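Per the UniProt record's numbering, the sequence shown starts with residue 1, numbered consecutively.
Notes for the one structure printed next.
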Amino acid sequence: MAAPHWASYSQRRWRQSRRNLLGVHLEARYSGLAEAEQDQRDETDTKNISQQLNEKLLGHFRELAANNQETDQAQLALGQFHVTDKMTRQQYFYLNLLEPELQSAEDSLQEAGMKELTSPLQVVVQEGKLDLIMNPVFLKLIQVKWKLYGRFGAWLLLVLNFLLNVSWTTVSISVSVNRQSPDRYAFPQDWWRVVLVVLALLLTLGEVWREVQDILHSKKMFHLRQQWMERRLQDDLKCSHPMWPQERRFLLDETKRIHKMRGSYSQDLWNIFDWLVYSLLIASFSVHVTDVLQPSASLHTLSLRLFSISIILLWLRLMKHVRAFRLMGPFIVMLGNIVEDVMRFLFLYAEIFIPYACSFWIMFGGLSTVPSMQSVSGLLYSLYRITLVDEYEYAAMVAVDGVMAPLLCGTFLAASSILCVNLLIALLTDTFQRVHDNSKANAMMQQAAVILQVEDSMPRLRSFYDDQYISKHCSPLADDCDNITVNPSYHHEMGHIKAEIKETLDQFLALQRSMEAVRGSRLQKEDVQQIQQLQNQELQNQKQELQTQNQELQNQQQELQNQQKQELQTQNQELQNQQKQELQAIQAELKELRTLVQQLLQNGNDQTRCRDLQDLNIF
Numbered sequence: 001m002a003a004p005h006w007a008s009y010s011q012r013r014w015r016q017s018r019r020n021l022l023g024v025h026l027e028a029r030y031s032g033l034a035e036a037e038q039d040q041r042d043e044t045d046t047k048n049i050s051q052q053l054n055e056k057l058l059g060h061f062r063e064l065a066a067n068n069q070e071t072d073q074a075q076l077a078l079g080q081f082h083v084t085d086k087m088t089r090q091q092y093f094y095l096n097l098l099e100p101e102l103q104s105a106e107d108s109l110q111e112a113g114m115k116e117l118t119s120p121l122q123v124v125v126q127e128g129k130l131d132l133i134m135n136p137v138f139l140k141l142i143q144v145k146w147k148l149y150g151r152f153g154a155w156l157l158l159v160l161n162f163l164l165n166v167s168w169t170t171v172s173i174s175v176s177v178n179r180q181s182p183d184r185y186a187f188p189q190d191w192w193r194v195v196l197v198v199l200a201l202l203l204t205l206g207e208v209w210r211e212v213q214d215i216l217h218s219k220k221m222f223h224l225r226q227q228w229m230e231r232r233l234q235d236d237l238k239c240s241h242p243m244w245p246q247e248r249r250f251l252l253d254e255t256k257r258i259h260k261m262r263g264s265y266s267q268d269l270w271n272i273f274d275w276l277v278y279s280l281l282i283a284s285f286s287v288h289v290t291d292v293l294q295p296s297a298s299l300h301t302l303s304l305r306l307f308s309i310s311i312i313l314l315w316l317r318l319m320k321h322v323r324a325f326r327l328m329g330p331f332i333v334m335l336g337n338i339v340e341d342v343m344r345f346l347f348l349y350a351e352i353f354i355p356y357a358c359s360f361w362i363m364f365g366g367l368s369t370v371p372s373m374q375s376v377s378g379l380l381y382s383l384y385r386i387t388l389v390d391e392y393e394y395a396a397m398v399a400v401d402g403v404m405a406p407l408l409c410g411t412f413l414a415a416s417s418i419l420c421v422n423l424l425i426a427l428l429t430d431t432f433q434r435v436h437d438n439s440k441a442n443a444m445m446q447q448a449a450v451i452l453q454v455e456d457s458m459p460r461l462r463s464f465y466d467d468q469y470i471s472k473h474c475s476p477l478a479d480d481c482d483n484i485t486v487n488p489s490y491h492h493e494m495g496h497i498k499a500e501i502k503e504t505l506d507q508f509l510a511l512q513r514s515m516e517a518v519r520g521s522r523l524q525k526e527d528v529q530q531i532q533q534l535q536n537q538e539l540q541n542q543k544q545e546l547q548t549q550n551q552e553l554q555n556q557q558q559e560l561q562n563q564q565k566q567e568l569q570t571q572n573q574e575l576q577n578q579q580k581q582e583l584q585a586i587q588a589e590l591k592e593l594r595t596l597v598q599q600l601l602q603n604g605n606d607q608t609r610c611r612d613l614q615d616l617n618i619f
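Pasting the structure below:
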């Protein structure tokens, strides 16, 4: 069994090596292997050269991974699931082949790690491949899933989280109303506050339970995917040949990389942000409950501070559920990219802010003449106001030191306000342009992410829909195709063909007219022959009558007549042969309408000239 398996494997490897690599120069294809042909010797015999070969081949594999070759191969593979029929202007999507097969619980336990359970859409979303998400196959798959259960699930999550935000906001504002009263709740007037707290807690527990389910499901799918990938690599290792140790080394490196992989849940920053918000809400509510049980001004103040911070982050979290809608998806992605730009800006700003803060504290810190800089916090806020070109106590600083005040204020204003702020604006503009150029792709990516979130976190919602819908109605899914592209020179070529057809028809009509003229001239020639025969008979009668008168003249006339007859017969035969040949040529030329029309016309003209000469000779 191993021999046939190895034979098929080696043939597959040979075919793959013969394929053209897109984007790779000929001299770069499997560099190191091709260099062996120069010396015509087995380089694997020596250890050093073998190591160099391994390093070169591994470097080539890394270069292929760094390039966009995987995307090209994926586009080629996805093209096989999309078929376009130009005759009927229909396109067919085989979406059932993009979804993993549904199995029972027993089968899934028995075949854990044997099959790929991750769908291509999940891989594209995890890798963030914007070019692949715009493939027509994925666009149609997202459209079908969005209409099936994605839209309802997205609206349901949005409404639940909006109620969560409103309930916690109302609770936070109600906590801040009675600050001076030792009783945090006055019953029965504040019964509605208790209801809001219970509602907020129930909604929060529901969100936390959904997050826990996502974590468990993500870990389960991640372990199954790891087992499947390891099994495939082990199968490849069994088929690796000792002659190519670099292939075995590459597979072992891939195995190590698989062990270092993380689940998809931890890679999504929105999930980390969710747990941050939940932690702040739990901390705020815990401090509030402690303040209710043991009233304290410090606890009340701490709870208000925590609630004020939590509410801001809670409302920012709502963007996670708004991103599913294409109108807001690109802007939410833009805000996520802006965070990275702001972090880079803060590093540069800190490089300028920290030394200037120390310099201002050395010159003006702790002085009563400059009230805004008596404390460290006041000084830092004053420098922030200088960055924003806000009001600051410049006159008081000049009164303390007239040399260092303008020097420090001027240089800090130029470095922070002019340099750093304009650099931040440039970074934000570049981010906006980059995201806006791929706005549609970003919107589809966010919509696909929310669809996958609905599939993982709301399995009961999918139970209301047909799980076999894609396998039943999308194998294939027929749709109208209105964007069939044609060759830009199509209309020009069609016009040229029409002109050629018209020209050929005109030549055919002209040829028919010439044939009719030839037929008419043929009838005239037959009449001439009959007249000539009558004339000859009359001449013979005259000759017979004149025989008695002049035998010499008769002999001469007979000789002349015989000569004339022979000449006429030869001419008639030649004319008949020429006419037959011309008719045959005309029939052949009718089949070659375009190429021999001019020759036929010339032959017709020559024939008419010959006939005119014959007629002149006859008369």
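C-beta: ideal position from N, C-alpha, C; glycine also.
On a predicted model such as this, the values are computed, not experimentally measured, just so you know.
Give the range of the beta strand (DSSP E) segment to which residue i is assigned.
i    : result
D480 : 477-480
F273 : Premise fails: F273 lies in the alpha helix (DSSP H), 269-293, not in any beta strand (DSSP E).
D85  : 82-85
Y92  : 90-93
Under a Cβ-count criterion, where at least 16 other Cβ atoms within 10 Å of its own Cβ denotes burial, should residue i be classed as buried or exposed?
i    : result
D437 : exposed
A357 : buried
D274 : buried
M445 : buried
V277 : buried
A395 : exposed
G410 : exposed
N605 : exposed
E455 : buried
P120 : buried
Report the rounded CA-to-CA distance for residue i versus residue j, giving the unit in angstroms.
i    : j    : result
W315 : V177 : 21 Å
A154 : R385 : 42 Å
L281 : V208 : 12 Å
V421 : D341 : 12 Å
T118 : V166 : 37 Å
H223 : D72  : 28 Å
T46  : C239 : Because T46 sits at a pLDDT of 46, beneath the cut-off of 50, its placement in the model cannot be relied upon, and the following sentence gives the value as read from the coordinates. Approximately 23 Å, taken between the alpha carbons.
D253 : C474 : 39 Å
S377 : L251 : 57 Å
L306 : F81  : 53 Å
L216 : S457 : 10 Å
I258 : Q91  : 38 Å
M373 : T290 : 37 Å
Q122 : V144 : 16 Å
Y94  : L76  : 15 Å
G329 : C481 : 27 Å
F432 : A414 : 26 Å
D268 : F325 : 19 Å
Taking residue i as the reference, give the member of the options with the closest Cα.
i    : options                : result
N161 : L201, K140, Y392, K129 : L201
Q579 : I531, K525, K591       : K525
F152 : V195, T429, I451, S416 : I451
R460 : G263, R210, C409       : R210
I586 : F508, Q564, H223, Q533 : F508
F138 : S298, G79, N337, E247  : G79
K591 : Q571, F412, F325, Q512 : Q512
T255 : M243, E230, V333, H241 : E230
N536 : Q549, M515, L560       : L560
V159 : I352, A405, E391, L203 : L203
K129 : D467, Q453, A448, N572 : A448
Where do the ends of the alpha helix (DSSP H) carrying residue i lie?
i    : result
V435 : 421-437
D131 : 130-133
Y384 : 376-387
N96  : Here N96 belongs to no alpha helix (DSSP H), and DSSP marks it neither H nor E.
E211 : 191-239
A186 : Note, A186: premise wrong, no alpha helix (DSSP H); not H, not E.
F325 : From DSSP, F325 is part of no alpha helix (DSSP H); its letter is neither H nor E.
G410 : 404-412
A399 : 394-400
D253 : 245-259
Y469 : 469-473
F152 : 151-175
How about residue i: is its C-beta nearer than 9 Å to some C-beta of chain B?
i    : result
S310 : Note that chain B does not occur in the displayed structure, where there is just one protein chain.
(message) Does the contact criterion of 3 or more C-beta pairs under 8 Å hold for the stretch 213-222 versus the stretch 258-271?
(response) Touching, yes.
(message) Does the stretch 167-175 come into contact with the stretch 302-319, if we say contact requires no fewer than three beta-carbon pairs (one atom in each stretch) closer than 8 Å?
(response) yes
(message) When you compare the stretch 318-335 with the stretch 228-239, are there three or more beta-carbon pairs, one atom per stretch, that lie closer than 8 Å?
(response) no
(request) Report yes or no: do three or more beta-carbon pairs, one from the stretch 281-297 and one from the stretch 121-135, lie closer than 8 Å? (result) At 8 Å Cβ cutoff, the stretches do not touch.
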